[in-house]
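One structure below.
There are 2 protein chains.
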Amino acid sequence: MNAPLPDPLLADLRQRETPAALIDALKARFAGRCATALAVREQHGRDESSFTAPPPDAVVFAQSTQDVRDAVALASQYDVPVIAFGAGSSLEGHLLAVQGGISLDMNRMNRVLAINADDLTVTAQPGVTRKQLNEAVKSCGLFFPIDPGADATLGGMCATRASGTNAVRYGTMRDNVLALEIVTASGEGIRTGTRAKKSAAGYDLTRLMIGSEGTLGVITEVTLKLYPLPEAISAAICSFPSIEAAVRTTIEIIQLGVPIARVELIDANTVRMVNVHSKLGLREEPMLLMEFHGSPGGVKEQAELVQELASGHGGQAFEWASTPEERTRLWTARHNAYFAAIQSKPGCRVIATDTCVPISRLADCLLESVAEADASGLAYFLVGHVGDGNFHFGYLIDPAKPEERALAETLNHQLVARALRLEGTCTGEHGIGLHKMDFLLSESGDGAVAMMRTIKRALDPKNILNPGKIFTL
Amino acid sequence: MNAPLPDPLLADLRQRETPAALIDALKARFAGRCATALAVREQHGRDESSFTAPPPDAVVFAQSTQDVRDAVALASQYDVPVIAFGAGSSLEGHLLAVQGGISLDMNRMNRVLAINADDLTVTAQPGVTRKQLNEAVKSCGLFFPIDPGADATLGGMCATRASGTNAVRYGTMRDNVLALEIVTASGEGIRTGTRAKKSAAGYDLTRLMIGSEGTLGVITEVTLKLYPLPEAISAAICSFPSIEAAVRTTIEIIQLGVPIARVELIDANTVRMVNVHSKLGLREEPMLLMEFHGSPGGVKEQAELVQELASGHGGQAFEWASTPEERTRLWTARHNAYFAAIQSKPGCRVIATDTCVPISRLADCLLESVAEADASGLAYFLVGHVGDGNFHFGYLIDPAKPEERALAETLNHQLVARALRLEGTCTGEHGIGLHKMDFLLSESGDGAVAMMRTIKRALDPKNILNPGKIFTL
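The following block contains the structure:
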C-alpha cells in the first residue's frame, strides 16, 4: 500500500486525457512496440519511491533517436505527457504518470556506440546501464566512476544528476558528461557539447539538461569522460567508538586534501542489519569503508595518512583489501545495507533522505539527526557518502501505519530544515521529483524556482515532458 | 585602428537610444557614481579584442547588490542595454556597447566576504580579481587554481567560463563555482546553488549562468571551491626537437592519467620572442612547461614518469624548479609570451584563436595549423594548454594592412573548421562574444542555438542584458 501523493501534486493528477487517436497513431507507427496491456503500463508507472499514481496510458519501446522524435512529436500534437523510462530506480517518483500520458521506454537503446580510449571518452545510448558500460570499457583499461546504488541507465543518471560512492574523488554526472543528444519538446533532435574536454561556446545546455529530470528534453545519446583503471586500488574498513569519531575522521581526510576515492559511513545499527543479512561478523560499531586509487606509492601514502587520522579518533580494527575479491567482500556491507534493512522489517517501505552539507557542518547535521531519529523510535538505516557531506537515512515504515509515514516525513522535514540552515541542500543526488518540491522552494527561493519555471515554459510550452515534477506549473 | 564589426553585428549596432530621462534617473540614484564623461565611457567601451564600437552612454559604479538591482531595474524600465564590466580583459568583444546603453562597473564590489577554510570554500564579490583572491586565502593554506592570462575579475571569469593553465588538473570555472547571486533582467536578486559540494535540486542555474557572457543576469556574488596548497610543487621545462614530439609527449601524459597540474606548450618561434623580450637564454626549440602538485613522493613519481615519456620523444634540457623563486623564473617564458610577441612587431594587434580538441586529435589539429600559418607568412605566436587539447595562435596583424587581418581571419576559419571536424570546439575558454557567432552555429547547429535564443528571450524579454553577444536575436 503506497501513499497518496503530496498535496501540490493532487491538483496536477490526471488533469489530462490521452485521446484514443494518439494511441492509434502510436500503434500505427510503432506496431508491437506500443503496448497498452495493463501489466506493461503498471510496470512503467511505478519506481522505487513510496508513491503511487495511475499507470501511463501506453508504453512505447524506443529503438532509435528517430523513434523518440516521432513519439514526442505525436505526443506534442495531441498535448499528451511523455515520460522517459530507464531502469525504474528513481527514489522520488520521477517516473509516475501523475498527469497521464505515455511512458517512453529507453531500455532498447542500449548500445555503446564509440569507445575513444585515446581520448578517455565513450559515447553510448541512454539505455546502457552503468554496469554494462563498465563491462564494455574494462578491456581498454578504463572505467566510469559514477555509481548510484541501482544499476541505473545512463539516461536516468543524467536526468537526475546522479552520483554515488566515487563522487568524492571523481565528481558527479554534472562533471562527467561531455555531450548529449536531446529530443526537444517539439520532437526535434539537437546536440549539446563536443568531445573536447572544455568549451566556452554559448550556454551550457548540457548542464541544463543534466538534472532536469526529463522535463526539458529526452536524452537519446550521452558522451562521457572515462578514467584509466588505477594502477593500484586498496580498500579498508575501520570501526569507530562513535559516529562522531567516524565523521571527524572524514572531515580531516577531506580538509587535508587526501584524494580518497571512496569514504562511506555505516552506522552501528545498519552494521547489525548487514551482519544478520550477510553473515559478515563485523564489529557492530560505526564504520567507515574507504578506497584509495593511484600508484602503489600514492595509495600507500594515502592509506598511512588516513590510518593515522582514524587512530587519532579511536578508529580500530582496520581491515585492508587489495585484491578485487577481498574488496568485494569488504564492500558487501555497503552494497547490501538497503536490502538488509528492508529484510529487518518485513513488509516495510523505505523513505530515503538525501541531504548534503558543507563538510565542516557534517557532524552537526548528522549527529543531531541521529539523536532525533533515535528518540523517535522509528526503525531506520543510515549510510552516507560522507566525504561529500551527503548521507541517507532510510526510515523503515509499515505502510499499514499512517503514523509511521507521518513520523518519517516529520523527521525528514526536520533534517532538511537543519541541512538548509547549515548551508546545504535537500538533495545531493536523488533529485526533487514529486517529493521535494516544497524543499526546493525553501532551498532556492521563489525567484530561482520562478526562473526554472520560466525556462520550462519556454522550452516546453505545452508542458508535455514529464509534467508535474520538480515544480507544478 | 581597430576593425569594423563582423557583419551580423552591424545590424545590431546602435539600434537603440538611451533616453536622457534614464541618465537623469541614474544620476539621481547614483550621483557621482554615474559617469558620462567621454574618457570614462571610452575606457568602458573597449576590451582586449580587436573590435571597436561607440562607447556606452553612461557608466555606473556599483558598490552593492542593491546598486546593481536598481541600475538594472532602471535600464529595464527604459529598455536600455546593461553591460557588466570587470577587468576589461575580454578577447572577444564582450564589453562593447554595440547597441548602446550603460556599462555597469563591478570593480568596487571587491570584497572577499567569507573564507570557509574548513569547507574549502570562499564567497566573494564579483569585482575581486583572481590574484586578490589568492592573496586573501593564502594564509589559510588554500588557493584558487583558475588562472586566465589576465588578472580577471571573478565575475568576468564566471561570465566567460574561463580556465587557464591549471585546468588540466583542476577543471574550469564550470567545475569550481558552487553558488551565485544573480540580478535578473527585471532587477530581481536570486541565489543559485548552496555551499554543499553537490546537489540535485532542480535546474542547474549556476551552470546556466557560467559562460552566459552577461546575457542572462548580472553576477553579484560568487561562491567558489578552494584547494589546499600542495605539500610539494615542482616545475620543469623541457625542449623538444619538434612540436610533434612535444605534443606526442603531452598526449601520453594525459592518456596515462598522470595528474599533472600544468602542461603548457610554447613553440620555438615564441621562445625566440621571449628570449628577446626577457633575456632568458632558453633553447629556441618547442618547449613544454610543466608543474606537478602533490605529496613529495607523488610529485617525484609523476616527474620521473613524465621525464621518461619526454625522453622517448627526444625531450632534453630538462630544467627543474622547486622553490617559488625558481618556478617564477621558469614560468616567465609562458607569462611574458603575449607581451614579447606584441613587442616583436611594434604597433601590431593580436587576433587570438581558442580551439580545443579531444587529446588524441591534438597533434593533427596543431601540426596542420602550424604548417598553414607558416605557409601564410603572417607573424604569430603559439602557446597552448595542450593537456586539455586547447591552444592559442596569436596572429600579429598590422592594423593598417587590411590584408593581414583578412589573412588572420582566414587562418582562424580554417583552424576552427579543422577543430570542428576533429570533434572539438571553436572556443575552449575565451567565449563567443562578437567574434565567433558563426562558429557557434557551425559547432552547435541551428537547433541548439535556437534553444539558447529561446532561453535568452524567456529570461530577458526586453533583451537588455549585454545584447548582441553570443547570437543576435
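In the order they appear, the protein sequences are chains G and H. Residues in the first sequence are numbered from 582 upward in steps of one, following the working numbering. Residues in the second sequence are numbered from 582 upward in steps of one, following the working numbering. We put the beta carbon where it would ideally sit given N, CA and C, even for glycine. None of the values given here were measured: they were computed from a predicted structure.
It is roughly 12 Å from the alpha-carbon of leucine 655 (chain H) to the alpha-carbon of alanine 601 (chain H). Alanine 668 (chain G) has its alpha-carbon roughly 26 Å from the corresponding atom of arginine 908 (chain G). Contacts between glutamine 836 (chain G) and chain H, judged by CB atoms closer than 9 Å, involve Ala698, Asp699, Asp700, Leu701 and Pro809 in chain order. Between histidine 966 (chain H) and alanine 748 (chain H), the C-beta spacing is below 8 Å. By the criterion of at least three beta-carbon pairs nearer than 8 Å, the segment 668-679 of chain H is not in contact with the segment 693-702 of chain H. The C-alpha of glycine 792 (chain G) lies about 18 Å from the C-alpha of aspartate 732 (chain G).
Within 8 Å of the CB of valine 931 (chain G), no CB atom of chain H is found; the nearest one sits about 18 Å away. Against chain G, the CB of isoleucine 1045 (chain H) has no partner CB under 8 Å away; the residue lies outside that interface. Contacts with chain H (Cβ-Cβ distance below 8 Å) from the segment 968-991 of chain G involve Asp969, Gly970 and Asn971, listed in chain order. Within the segment 770-781 of chain G, contact with chain H at the beta-carbon level (separation under 8 Å) is assigned to Gly770, Ile771, Arg772, Thr773, Thr775, Arg776, Ala777, Lys778, Lys779, Ser780 and Ala781.
When Cβ-Cβ separations below 8 Å define contact, leucine 1040 (chain G) makes contact with chain H. Listed along chain G, the residues sitting closer than 8 Å to glycine 783 (chain H) by beta-carbon distance are Gly792, Ile1013, Leu1021, Ser1025, Ala1029, Val1030, Met1033, Ile1051 and Phe1052. Closer than 8 Å to the CB of aspartate 660 (chain H) there is not a single CB belonging to chain G. The beta carbon of leucine 786 (chain G) sits closer than 8 Å to some beta carbon of chain H.
The alpha-carbon separation between histidine 874 (chain H) and glycine 626 (chain G) amounts to approximately 50 Å.
Per DSSP, histidine 994 (chain H) is one residue of the alpha helix (DSSP H) stretching across 983-1002. Pairing glycine 838 (chain G) with alanine 891 (chain G), the inter-Cα distance amounts to about 15 Å. Contact between the segment 1001-1010 of chain H and the segment 742-756 of chain H is present: three or more C-beta pairs spanning the two stretches fall below 8 Å. Cβ neighbours of asparagine 993 (chain G) within its own chain (closer than 7 Å, five residues either side excluded): Ile932 and Thr934.
For threonine 710 (chain G), the closest Cβ of chain H is not nearer than 8 Å. Comparing C-alpha distances from glycine 968 (chain H) to each of H:Arg829, H:Phe974, H:Ile727 and H:Leu594 shows the shortest one belongs to H:Arg829.
Look at serine 630 (chain H): its C-beta is not under 8 Å from any C-beta on chain G.
Closest option to arginine 772 (chain H), judged by alpha-carbon separation, among H:Asp785, H:Lys779 and H:Lys778: H:Asp785. Scanning the segment 702-763 of chain G from its first residue to its last, the whole alpha helix (DSSP H) runs of 4-plus residues come out as 711-719, 735-740, 748-751 and 754-757. By the CB criterion at 8 Å, lysine 1043 (chain G) and alanine 766 (chain G) fall inside the cutoff. Per the DSSP secondary-structure output, threonine 1006 (chain G) pairs in a beta bridge with G:Cys937. Excluding sequence positions up to five before and after leucine 619 (chain G), its CB lies within less than 8 Å of the CB of Pro636, all in the same chain and listed in chain order. At least one CB of chain H lies nearer than 8 Å to the CB of cysteine 1007 (chain G).
Against chain H, the CB of cysteine 721 (chain G) has no partner CB under 8 Å away; the residue lies outside that interface. Taking all protein chains shown into account, serine 720 (chain H) has fewer than 16 neighbouring C-beta atoms within 10 Å of its C-beta and is therefore exposed. The C-alpha of phenylalanine 611 (chain G) lies about 7 Å from the C-alpha of valine 641 (chain G). Judged by DSSP secondary structure, glutamate 900 (chain H) falls within the beta strand (DSSP E) whose first and last residues are 897-902. Listed by position along chain G, the residues whose Cβ is nearer than 7 Å to that of threonine 934 (chain H) form an empty set, because the closest Cβ is around 13 Å away.
Setting aside the 5 residues that flank it on each side, valine 844 (chain G) is surrounded in the same chain by Val749, Thr831, Ile834, Leu869, Met871, Val967 and Gly968, each with a C-beta closer than 7 Å to its C-beta; the list follows chain order.
Among the bridge pairs identified by DSSP, aspartate 686 (chain G) is matched with G:Phe642 and G:Phe666. Flagged as an interface residue toward chain H: glutamate 882 (chain G), by a C-beta distance shorter than 8 Å.
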